[in-house]
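Residue numbers (the numbering used here): 28 to 157. Yeah, the Cβ is synthetic: ideal placement off N, Cα and C, and Gly gets one too. Okay, structure first, notes after.
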């Protein structure tokens, strides 16, 4: 099976980064209006209730599948599924992950890989992490 293709979730991509910040600080930022603007788009309000919907300025619509404060949010993102998660990685360090699955094909996977890497760069810049 090619890299990025799974039996259950089809094509998927994951981008993660370990940050020298506590989980709470990363979670607070990534779910704040400033943080949400970086990964969902300007002016998008991140819903927190299961089944609540949102739409980006680019016309991507979706709804929340699950929201666990301080841990992860899972939502539909167009026809794919996106999960943003924060977990501990030792004392005062957190891992931020963007994981998208149910992508259409290998080309979409590569486009989304580039997108989420760019988003991660913007997030780390905004957090002041090199």
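Boundaries of the beta strand (DSSP E) in which residue 108 is found, first to last residue: Looking up residue 108 in the chain shown gives position 81. Counting along the chain, the beta strand (DSSP E) containing residue 108 begins and ends at 107-115.
Cα-Cα separation, residue 64 to residue 70: The count along the chain shown starts at 1 and reaches residue 64 at position 37. The count along the chain shown starts at 1 and reaches residue 70 at position 43. Each residue's alpha carbon lies about 7 Å from the other.
Reference residue 119, options 51, 32, 44 and 138, closest by Cα: For the purposes of this step, residue 119 is identified with residue 92 of the chain shown, where counting begins at 1. When only C-alpha atoms are compared, the closest one is 51.
Bridge partners - residue 143, DSSP secondary structure assignment: By one-based count along the chain shown, residue 143 stands at place 116. Paired residue(s): none; residue 143 is not in a bridge.
Reduced DSSP secondary structure (H/G/I, E/B, other) of residue 128: Taking the chain shown and counting its residues from 1, one reaches residue 128 at position 101. Strand.
Separation of residue 37 from residue 111, as counted between CA atoms: Indexing the chain shown from 1 puts residue 111 at position 84. Indexing the chain shown from 1 puts residue 37 at position 10. Residue 111 and residue 37: Cα-Cα distance of roughly 18 Å.
Distance between residue 151 and residue 117 (C-alpha atoms, nearest Å): Indexing the chain shown from 1 puts residue 117 at position 90. Indexing the chain shown from 1 puts residue 151 at position 124. Approximately 18 Å, taken between the alpha carbons.
Separation of residue 107 from residue 100, as counted between CA atoms: Mapped onto the chain shown, residue 100 falls at position 73. Mapped onto the chain shown, residue 107 falls at position 80. Straight-line Cα distance between these residues: approximately 14 Å.
Residue 151 in three-state terms, based on DSSP: As a working note, residue 151 is residue 124 in the chain shown. Helix at residue 151.
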